[in-house]
Amino acid sequence: MKHPNHIPISPILSSIDNEAQSTNDSLQLKKRLLRISGLSILVAIAISLIAKFLVILINIVTNLSFYRSLESVFHSPADNQLGLWVIFVPAIGGVLVGLMALYGSKAIRGHGIPEAMEQILTNQSRIKPSIAFLKPISSAIAIGTGGPFGAEGPIIATGGALGSTLGQLFKISSNERKIILAAGATAGMAAIFGTPIAGVFLAIELLLFEFSPRSILPVALACITGAAGHHLLFGTGPVFPMPDLKIPNNGALAIYSSIGLVIGFLSLGVTKIVYFIEDIFEKLPVHWMWWPAIGGLAVGLIGFFAPKTLGVGYDNIISILSGTLSVIVILRLFLFKFLSWAIALGSGTSGGTLAPLLTIGGAAGALTGALILTLFPDSGITIPMTALIGMSSMFAGASRAYLTSITFALESTGQFHALLPLLGACTAAYIVSFFLMENTIMTEKIARRGVLTPDSYEPDILGKLTVAQVIKDTATILDPGQTIREVRDWLKTNKIQDKYFITADKKGNYLGIVTLQDINRHDIESESLLNAIIHTGTHAVDKTDSLRKAVELLSKGTLEVLPVIMDHQVIGLLSHQDIIDTYKSHQDENEIVNTQISLKRQRLKVLAHGKGLFSARKKSK
Numbered sequence: 001m002k003h004p005n006h007i008p009i010s011p012i013l014s015s016i017d018n019e020a021q022s023t024n025d026s027l028q029l030k031k032r033l034l035r036i037s038g039l040s041i042l043v044a045i046a047i048s049l050i051a052k053f054l055v056i057l058i059n060i061v062t063n064l065s066f067y068r069s070l071e072s073v074f075h076s077p078a079d080n081q082l083g084l085w086v087i088f089v090p091a092i093g094g095v096l097v098g099l100m101a102l103y104g105s106k107a108i109r110g111h112g113i114p115e116a117m118e119q120i121l122t123n124q125s126r127i128k129p130s131i132a133f134l135k136p137i138s139s140a141i142a143i144g145t146g147g148p149f150g151a152e153g154p155i156i157a158t159g160g161a162l163g164s165t166l167g168q169l170f171k172i173s174s175n176e177r178k179i180i181l182a183a184g185a186t187a188g189m190a191a192i193f194g195t196p197i198a199g200v201f202l203a204i205e206l207l208l209f210e211f212s213p214r215s216i217l218p219v220a221l222a223c224i225t226g227a228a229g230h231h232l233l234f235g236t237g238p239v240f241p242m243p244d245l246k247i248p249n250n251g252a253l254a255i256y257s258s259i260g261l262v263i264g265f266l267s268l269g270v271t272k273i274v275y276f277i278e279d280i281f282e283k284l285p286v287h288w289m290w291w292p293a294i295g296g297l298a299v300g301l302i303g304f305f306a307p308k309t310l311g312v313g314y315d316n317i318i319s320i321l322s323g324t325l326s327v328i329v330i331l332r333l334f335l336f337k338f339l340s341w342a343i344a345l346g347s348g349t350s351g352g353t354l355a356p357l358l359t360i361g362g363a364a365g366a367l368t369g370a371l372i373l374t375l376f377p378d379s380g381i382t383i384p385m386t387a388l389i390g391m392s393s394m395f396a397g398a399s400r401a402y403l404t405s406i407t408f409a410l411e412s413t414g415q416f417h418a419l420l421p422l423l424g425a426c427t428a429a430y431i432v433s434f435f436l437m438e439n440t441i442m443t444e445k446i447a448r449r450g451v452l453t454p455d456s457y458e459p460d461i462l463g464k465l466t467v468a469q470v471i472k473d474t475a476t477i478l479d480p481g482q483t484i485r486e487v488r489d490w491l492k493t494n495k496i497q498d499k500y501f502i503t504a505d506k507k508g509n510y511l512g513i514v515t516l517q518d519i520n521r522h523d524i525e526s527e528s529l530l531n532a533i534i535h536t537g538t539h540a541v542d543k544t545d546s547l548r549k550a551v552e553l554l555s556k557g558t559l560e561v562l563p564v565i566m567d568h569q570v571i572g573l574l575s576h577q578d579i580i581d582t583y584k585s586h587q588d589e590n591e592i593v594n595t596q597i598s599l600k601r602q603r604l605k606v607l608a609h610g611k612g613l614f615s616a617r618k619k620s621k
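Quick note on UniProt numbering: the sequence shown kicks off at 1 and runs consecutively.
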């Protein structure tokens with residue numbers, strides 16, 4: 001009995017067998033990846049057609065509601081001649097949506113992305129199949145009757161539901177179902193806007209919470225397919241055409257970044273107000289089915305005084321980005337669009353957040369730019385650029401989908417000279433949101449239900465570390481020809497604390513593993529040979545393998561240890577406790593940094609709250 005250095009491996013534990021198994025596992029994973037990618041492409045093709053159908057349906061409902069026509073060509077509801085009757089059109093739409101939510105599925109309420117996130121995090125990415133047709137129909141009714149939403153939110157939710165449904169029809173894991181769900185959702189975004197790169201980033205930042213080939217490849221293929229569908233069904237030009245922008249000088253770049261900072265603070269207020277209004281609806285003494293109708297009345301009343309707030313409003317975004325609207329028109333659009341959207345969304349009707357946030361942010365950016373140009377005419381900034389960075393930084397601050405916000409602005413306008421201003425402005429808005437807002441407009445609702453949402457993704461520590469970095473350099477070898485009594489006496493005399501032992505024959509060939517628990521069993525005759533209680537056929541791990549592979553092998557076996565091999569020889573044992581200790585050590589290091597960040601957040605919040613109290617006291621005096 002001794003501590004080994006190198007022990008030759010017997011045929012029972014062959015490194016060739018392990019390599020063959022590893023190769024087979026790798027081949028199976030690649031086959032599954034191809035299968036998931038194929039399913040994702042199928043979902044993307046279907047959602048592209050559904051996106052076209054949804055836009056046509058919205059146009060039909062809009063024309064029927066405001067012009068008593070069944071045309072499928074877009075006509076802005078802002079040009080309606082209904083007079084006071086326009087107040088009741090969104091309310092009627094709200095009643096229909098409420099009935100669909102009551103008798104169909106309550107899940108159609110809201111703007112889609114939070115609901116998809118919740119199903120991913122709590123329900124193994126399972127979404128009711130009925131959502132795949134209830135969501136687009138309810139959204140078409142809500143938007144077509146004047147709801148201040150865009151088509152992108154509903155189509156993202158529909159794509160996610162379609163992907164989840166397809167995933168439930170096949171025998172796949174919950175993680176693979178999550179990938180198809182994300183692929184369907186982001187393919188829907190690409191199909192509406194023609195923004196495949198932004199779609200991929202949206203999946204990473206808000207749905208997948210990971211970055212790996214098994215998840216990115218299916219999503220990327222789906223987004224490419226969705227973008228191809230957009231070009232085929234909607235056209236090849238940018239969704240939001242605008243005047244060509246020039247590369248700004250350093251002074252202008254600093255101003256644009258400062259505007260992003262301002263919009264970041266504004267995004268905090270927008271998020272807080274939206275959920276404040278939702279809280280008000282929660283306290284109403286009427287059934288939630290009637291809330292969309294009540295919200296619809298408010299939308300109709302605002303639409304009577306500000307008709308441009310009605311409907312999808314993509315034309316409003318294009319007008320703001322053109323830089324040709326007057327300050328008064330932009331100000332009216334900013335205030336009334338925000339008020340209409342916040343009330344409608346808070347009422348729980350079926351709609352989205354992206355297009356309204358773009359409109360509100362673009363208007364805020366244009367107004368800020370106009371003010372700066374009035375005070376500093378030679379600042380070198382332009383209204384179209386300030387509108388674009390306002391649009392993007394509003395979404396970055398409200399959702400903290402940082403990369404999505406930047407790439408979406410570039411892809412949807414084709415203005416790649418705006419990259420640096422967008423980077424500076426969105427970074428500033430993100431910093432404000434990160435330090436001063438606990439949850440985002442996408443996560444606040446599900447956070448209130450007790451759902452913890454990841455706010456970052458990191459490389460898996462188990463995938464980064466190898467077995468060689470964790471394994472201890474010694475392990476105890478027992479001779480299987482010894483009796484149980486001899487082994488017990490030897491362990492007691494030498495005060496050995498190990499729970500698992502390697503066994504080998506006289507030639508040093510590995511035979512298996514013996515546990516301390518088996519050695520001390522009362523039902524084993526003390527004169528029995530150790531050979532009687534050996535666990536053979538144990539999985540083995542190479543010292544160059546990752547800890548993730550070790551965990552997978554441990555999960556397949558009945559023991560808490562794995563033999564470790566190197567150059568066809570056993571060099572020791574790896575236990576599950578070794579892996580846990582390594583993981584805990586890594587987490588403790590990160591916890592120190594996270595605690596410091598959390599304290600800084602709290603200090604900033606207290607400081608901001610203190611300033612607010614000080615300001616209020618001064619006003620009261």
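Glycine residues also receive a C-beta, built at the ideal position from the N, C-alpha and C atoms. Small disclaimer: the values here were computed from a predicted structure and weren't measured.
*Just how far apart, CA to CA, sit residue 340 and residue 314?*
16 Å
_Local conformation of residue 502 per DSSP, three classes_ = strand
*Got a sec? Which residues, its chain only, sit under 6 Å from residue 193 by beta carbon, not counting five neighbours each side?*
239 and 412
*Do you know whose CA, among 312, 164, 218 and 45, lies nearest residue 74's CA?*
312
*Closer than 6 Å by C-beta to residue 72: which residues in its own chain qualify, once you throw out the five before and the five after it? Chain order, please.*
56, 59 and 60
*asked:* Determine whether the beta carbon atoms of residue 153 and residue 396 lie at a separation below 9 Å.
replied: no
_Coarse secondary structure for residue 687, derived from DSSP in three states_ = Outside the shown range of the chain, which is 1 to 621, sits residue 687, and nothing can be said about it.
*Whole-number beta carbon distance between residue 226 and residue 380, since they are thought to touch under 8 Å*: Not quite, the Cβ-Cβ distance comes to about 38 Å (not below 8 Å), so this is no contact.
*Apply the 10 Å Cβ neighbour rule to residue 11 and answer buried if 16 or more other Cβ atoms are within range, or exposed otherwise.*
Its pLDDT being 38, under 50, residue 11 is placed unreliably in this model, and the coordinates cannot settle the point.
*Spatial neighbours of residue 640 within its chain, please: CB distance less than 6 Å, with the 5 preceding and 5 following residues excluded, ordered by chain position.*
Because the chain here runs from 1 to 621, residue 640 falls outside it and cannot be looked at.
*Starting from the C-beta of residue 248, find all residues in its chain whose C-beta is less than 8 Å away, skip the five residues before and the five after it, and write them out in chain order.*
256, 380, 381, 385, 420 and 421
*Between residue 594 and residue 453, what straight-line distance do the alpha-carbon atoms span, to the nearest angstrom?*
For residue 594, the predicted structure reports a pLDDT of 49, less than 50, and the residue's modelled location is therefore unreliable. A value from the coordinates is still provided. About 16 Å.
*Answer yes or no: do residue 65 and residue 145 have a C-beta to C-beta separation smaller than 9 Å?*
yes
_Considering just the uninterrupted stretch of the beta strand (DSSP E) at residue 77, what are its terminal residues?_
Counting along the chain, residue 77 falls outside any beta strand (DSSP E), and DSSP gives it neither H nor E.
*Confirm, please, whether the CB-CB distance from residue 62 to residue 143 is below 9 Å.*
yes
*In angstroms with no decimal places, state the Cα-to-Cα distance between residue 402 and residue 496.*
55 Å
_The alpha helix (DSSP H) enclosing residue 213, as first and last residue numbers_ = 213 to 233
*Return the residue from the list 353, 464 and 388 that minimises the CA-CA distance to residue 367.*
388
*Classify residue 522 as buried or exposed, calling it buried when 16 or more other Cβ atoms lie within 10 Å of its own Cβ.*
exposed
*Among 526, 527 and 534, which residue has its Cα nearest to the Cα of residue 515?*
534
_Residue(s) in a DSSP beta bridge with residue 514_ = 501
*Meets three-Cβ-pair contact criterion under 8 Å: the region 324 to 334 and the region 259 to 267*: no
_Could you compute how far the alpha carbon of residue 586 sits from the alpha carbon of residue 544?_
20 Å
*Count the other C-beta atoms from every protein chain shown that fall within 10 angstroms of the C-beta of residue 155, then say buried if there are 16 or more, exposed otherwise.*
buried
_CB of residue 578 within 9 Å of CB of residue 431, strictly_ = no
*With DSSP run on the structure shown, which of helix, strand or coil describes residue 294?*
helix
*residue 147 to residue 444 span [Cα, whole Å]*: 22 Å
*Touching by the beta-carbon criterion (3+ pairs, under 8 Å), the region 33 to 52 and the region 199 to 219*: yes
*Confirm, please, whether the CB-CB distance from residue 207 to residue 190 is below 9 Å.*
no
*Out of 465, 564, 493 and 500, which has the shortest C-alpha to C-alpha gap to residue 580?*
465
_For residue 179, tell me which candidate among 170, 188, 163 and 169 has the shortest Cα-Cα distance._
163
*In chain order, what residues of the same chain lie with their CB nearer than 7 Å to the CB of residue 633, ignoring the 5 residues before and after it?*
The question about residue 633 has no answer here: the residues shown for the chain are numbered 1 through 621.
_Using the Cβ count rule (16 or more neighbours within 10 Å means buried), how would you classify residue 359?_
buried
*Terminal residues of the alpha helix (DSSP H) in which residue 388 lies*: 383 to 399
*Please list, in chain order, all residues of the same chain as residue 104 whose beta carbon is under 7 Å from its beta carbon, the five residues on each side excluded.*
130 and 134
*Are the CB atoms of residue 408 and residue 392 nearer to each other than 9 Å?*
yes
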